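Asks: Counting in our numbering, the sequence shown runs from 18 upward without gaps.
Ideal Cβ placement from N, Cα and C applies to all residues, glycine included.
Just so it is clear, the structure is predicted and the values come from calculations on it, not from any experiment.
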Amino acid sequence: MSTTADETLLRRAIGIAARAVTLGDAPYGSLLAGPDGTILAEAHNTVRRDNDITAHPELKLARWAARELDPDTAARTTLYTSCQPCGMCGGGIVRSGVGRVVYALSTEQLVELNPQSGDWPTVTQDGPALFDEARTPIDAYYR
18 MSTTADETLL RRAIGIAARA VTLGDAPYGS LLAGPDGTIL AEAHNTVRRD
68 NDITAHPELK LARWAARELD PDTAARTTLY TSCQPCGMCG GGIVRSGVGR
118 VVYALSTEQL VELNPQSGDW PTVTQDGPAL FDEARTPIDA YYR
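(1) Which first and last residues belong to the alpha helix (DSSP H) in which Y158 is found?
(2) Is it true that the CB of G46 sits closer than 8 Å to the CB of A34?
(3) Measure the C-alpha to C-alpha separation of D87 and G114 and round it to an integer number of angstroms.
(4) Please return the same chain residues whose Cβ sits closer than 6 Å to the Cβ of E59, not counting the five positions on each side in sequence.
(5) Which residue comes first and which comes last in the alpha helix (DSSP H) that contains T21?
(6) Would Q101 and T124 qualify as a contact pair, given that the criterion is a beta-carbon distance under 8 Å?
(7) How big is the Cα-Cα spacing for R66 and D149?
(8) Can you name the residues that DSSP bridges to C103?
(9) Which residues mark the beginning and the end of the alpha helix (DSSP H) in which R80 is found?
(10) With DSSP as the reference, please indicate the residues paired to T95 in a beta bridge.
(11) Can you check DSSP and say which residues form a bridge with E59?
(12) By the 10 Å Cβ neighbour count, where 16 or more other Cβ atoms means buried, how is L76 classified, buried or exposed?
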């Protein structure tokens with residue numbers, strides 16, 4: 018459930034998304050707020066500009082948090098974003114240690130507004146295979 022403070026920061030994320038459009042970038046914006054609500058970092062989508070499929074603002078901020086914040090501080094931060102993070106960004110957020118995400122538009126709402134947003138092919142995955150061989154480097158690293 019969002020609070021008035023959450024709504025203020027979400028409006029800022031939406032503003033970042035709107036500014037991205039004026040720069041010729043895709044309309045997605047995010048910010049990372051510290052435990053006291055202070056904005057620590059902001060980002061917008063630069064996938065086209067950077068020719069980088071990973072240049073989503075949520076993933077940029079997750080990477081920033083993992084690199085710049087100690088685990089305790091990261092766990093007390095909140096990522097505010099104009100749209101619900103995709104699977105790629107969600108994985109990065111979990112791995113970064115960021116403690117909370119608040120988003121404005123859900124994935125379903127985004128797809129209603131822009132049907133192309135949900136038009137991704139499926140990728141076949143086969144496995145697991147070669148367990149004994151694959152475990153050797155894992156065992157060497159973690160034991």
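Replies: Straight from the coordinates:
(1) 148 to 159
(2) yes
(3) CA-to-CA, the gap between D87 and G114 works out to about 9 Å.
(4) I33, L48
(5) T21: member of the alpha helix (DSSP H) spanning 21 to 39, first to last residue.
(6) Against a cut-off of 8 Å, the Cβ pair of T124 and Q101 comes out as a contact.
(7) 43 Å
(8) For C103, which the question treats as bridged, DSSP gives no partner whatsoever.
(9) 74 to 85
(10) In the DSSP output, where bridge partners are listed per residue, T95 has A50, R117.
(11) Paired residues: L48.
(12) buried
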